[in-house]
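A.B. asks: Residue numbers (my numbering), protein chains in the order written: chain A, 1 to 195; chain B, 1 to 195.
For glycine and all other residues, C-beta sits at the position ideal for the given N, C-alpha and C.
Before I ask anything, let me first share the structure, which is written out below as structure tokens.
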DNA sequence: CCATAAATTAAACAATGTTCAATATATGGC
DNA sequence: GCCATATATTGAACATTGTTTAATTTATGG
């Protein structure tokens with residue numbers, strides 16, 4: 001029996017998340033299971049379920065942290081560029097991050113939660129922060145009173161990137177087409193339309 | 001034991017696909033299982049596996065047929081409209097179809113195949129036919145020698161629609177944002193960029 | 001030192017995809 | 001009509017899942 005005083009409750013929660021991430025990184029999201037995490041962390045299944053109500057919650061927390069990593073990655077970008085360049089940089093940063101953490105990003109993109117799963121507020125906030133980066137990078141393009149248009153456009157950019165990654169995850173982008181090609185073209189088309 | 005002469009091999013294959021589609025339509029892709037299909041069709045699990053090597057193949061065939069249905073749905077569209085209108089019609093037809101067959105479309109969009117699953121040629125051909133519709137609707141916009149650009153743009157439109165549907169499937173489009181809003185805006189942005 | 005609360009285990013459950021030997025059925029040759 | 005052969009079908013098994021729960025162990029506070 002793993003000793004209760006080995007780690008505080010909080011520490012163990014972190015250990016579980018670290019272990020889950022390691023399994024996902026090394027073997028993909030489909031290889032993740034409660035028992036593997038448990039044995040990896042030196043406890044048994046039940047303990048996992050006391051820290052995370054179910055597997056969806058565990059994956060959800062992990063994915064939230066992955067979004068946080070992406071946000072940090074993007075926050076390092078220079079903020080002085082002209083709006084067009086800045087959007088390109090942002091898109092490239094997305095692609096970079098996805099290439100650097102393929103399995104973890106795949107989990108964010110294509111893990112299917114069960115029907116009664118609820119989105120944590122922290123998760124939504126993180127998405128909003130990422131959308132905020134896109135908003136900042138493009139707001140000079142909406143000098144008029146077209147703020148609602150911008151909201152829609154940001155969602156569209158986000159959805160489009162999401163689709164590119166989704167198709168990429170299952171190798172369905174098309175022969176010779178890369179994520180980078182499509183992301184660049186997406187920004188290009190968008191900027192042309194805004195001109 | 002179900003009598004062997006009740007149906008020819010081909011008939012039984014069709015029955016299995018019909019049953020699978022019914023289960024998906026009524027209870028969603030996550031409710032689909034080999035045993036449910038088997039009992040629904042009046043046979044046992046093993047028979048399913050003699051007709052479809054594994055569940056991925058079964059879903060793949062079903063999804064291929066769904067794409068076929070979408071293609072038929074889109075083929076009824078008038079072909080005389082100006083290119084812009086035609087692209088809007090096409091996008092609306094996609095959205096219509098997805099709204100008409102939510103669960104079956106969800107299966108196409110977000111079912112995760114196993115790691116060693118291979119895409120059937122028939123499936124890819126069907127995707128190509130759908131991309132062909134987009135190509136036809138937009139080719140007058142590429143009067144110059146920009147055919148490679150068009151190929152990329154078609155893939156981009158496809159990926160973007162895909163992303164919109166993916167996010168919609170998990171209710172993550174954003175507060176008050178609909179599939180139709182985004183699809184229309186997508187076409188709008190694209191056409192503006194092409195102008 | 002003991003009572004209480006919390007953490008942890010071990011075992012169970014139902015459901016899944018998948019395989020396989022045994023059995024039943026149809027078919028073609030006589 | 002009968003028999004051998006090929007094929008279809010079953011039924012049971014296996015490993016793996018997520019999840020629950022009663023029993024046990026551990027820490028903590030009086």
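DSSP three-state label for residue 64 (chain B), please.
C.D. replies: helix
A.B. asks: Output, in chain order, the set of chain A residues within a Cβ distance shorter than 7 Å of residue 9 (chain B).
C.D. replies: The contacting residues do not exist; residue 9 (chain B) stays about 30 Å from chain A at best.
A.B. asks: When you compare only the Cα positions, how much space is there between residue 100 (chain B) and residue 97 (chain A)?
C.D. replies: 37 Å
A.B. asks: Residues of chain A with CB under 9 Å from residue 142 (chain B), in chain order?
C.D. replies: Result: empty, since nearest Cβ-Cβ is about 13 Å, beyond 9 Å.
A.B. asks: Please confirm whether residue 62 (chain A) has its beta-carbon closer than 8 Å to some beta-carbon of chain B.
C.D. replies: no
A.B. asks: Would residue 126 (chain A) pass as an interface residue toward chain B - the criterion being a Cβ-Cβ separation below 8 Å?
C.D. replies: no
A.B. asks: Check this for me: beta carbons of residue 181 (chain A) and residue 152 (chain B), under 8 Å apart or not?
C.D. replies: yes
A.B. asks: Can you list the residues of chain B that residue 155 (chain A) reaches, using a CB-CB cut of under 8 Å?
C.D. replies: 173, 174, 177, 182
A.B. asks: Tell me whether residue 116 (chain B) is buried or exposed, calling it buried when 16 or more other Cβ atoms sit within 10 Å of its Cβ.
C.D. replies: Around the Cβ of residue 116 (chain B), a 10 Å sphere holds fewer than 16 other Cβ atoms; the residue is exposed.
A.B. asks: Under three-state DSSP, which class holds residue 77 (chain A)?
C.D. replies: coil
A.B. asks: Is residue 100 (chain A) helix, strand or coil when you go by DSSP?
C.D. replies: helix
A.B. asks: Output the distance between the C-alpha atoms of residue 12 (chain B) and residue 62 (chain A), rounded to the nearest integer angstrom.
C.D. replies: 44 Å
A.B. asks: Would you check if there are 3 or more beta carbon pairs closer than 8 Å linking the region 43-55 of chain A to the region 65-76 of chain A?
C.D. replies: Flag = no, the region 43-55 of chain A and the region 65-76 of chain A do not touch.
A.B. asks: Quick one: is residue 113 (chain A) near chain B, going by C-beta distance under 8 Å?
C.D. replies: yes
A.B. asks: From this set, A:75, A:170, A:31, which residue's C-alpha is nearest residue 126 (chain A)'s C-alpha?
C.D. replies: A:75
A.B. asks: Please state if the CB of residue 84 (chain A) and the CB of residue 191 (chain A) are separated by a distance shorter than 8 Å.
C.D. replies: yes
A.B. asks: Measure from the C-beta of residue 163 (chain B) to each C-beta in chain A and report whether the shortest distance is under 8 Å.
C.D. replies: yes
A.B. asks: Between residue 93 (chain A) and chain B, is any beta-carbon pair separated by less than 8 Å?
C.D. replies: no
A.B. asks: Residue 185 (chain A) touches chain B at which residues, Cβ-Cβ below 9 Å?
C.D. replies: 149, 152, 153, 155, 156
A.B. asks: Does residue 51 (chain B) come out as helix, strand or coil in the three-state DSSP assignment?
C.D. replies: Collapsing the DSSP output to three states places residue 51 (chain B) in a helix.
A.B. asks: Given this structure, state the Cα-to-Cα distance separating residue 194 (chain A) from residue 155 (chain B), to the nearest angstrom.
C.D. replies: Approximately 21 Å between the Cα atoms of the pair.
A.B. asks: Is the beta carbon of residue 164 (chain A) sitting closer than 8 Å to the one on residue 179 (chain A)?
C.D. replies: For residue 164 (chain A) and residue 179 (chain A), yes; Cβs fall inside 8 Å.
A.B. asks: Could you give the distance in angstroms between the alpha-carbon of residue 10 (chain A) and the alpha-carbon of residue 124 (chain A)?
C.D. replies: 22 Å
A.B. asks: Please list, in chain order, all residues of the same chain as residue 141 (chain B) whose beta carbon is under 7 Å from its beta carbon, the five residues on each side excluded.
C.D. replies: 83, 194
A.B. asks: Please decide whether residue 45 (chain A) counts as near chain B, where near means a Cβ-Cβ distance under 8 Å.
C.D. replies: no
A.B. asks: Which of the three DSSP states, helix, strand or coil, is assigned to residue 175 (chain B)?
C.D. replies: Reduced to three states, the DSSP call for residue 175 (chain B) is coil.
A.B. asks: Helix, strand or coil: how does DSSP classify residue 105 (chain A) here?
C.D. replies: Taken through DSSP and simplified to helix, strand or coil, residue 105 (chain A) comes out as helix.
A.B. asks: By alpha-carbon positions, which one of B:23, B:34, B:137, B:149 ends up nearest to residue 88 (chain B)?
C.D. replies: B:137
A.B. asks: Any Cβ of chain B within less than 8 Å of the Cβ of residue 49 (chain A)?
C.D. replies: Not a single CB atom of chain B sits nearer than 8 Å to the CB of residue 49 (chain A).
A.B. asks: Please list the partners that residue 110 (chain A) has in chain B, where partner means a Cβ-to-Cβ separation under 9 Å.
C.D. replies: Going along chain B in sequence order, the residues near residue 110 (chain A) (Cβ under 9 Å) are 110, 112, 166.
A.B. asks: Do residue 48 (chain B) and residue 18 (chain B) have their C-beta atoms closer together than 8 Å?
C.D. replies: no
A.B. asks: Does the distance from the CB of residue 24 (chain A) to the CB of residue 103 (chain A) come in under 8 Å?
C.D. replies: Contact: yes.
A.B. asks: Quick check on DSSP: helix, strand or coil for residue 142 (chain A)?
C.D. replies: coil
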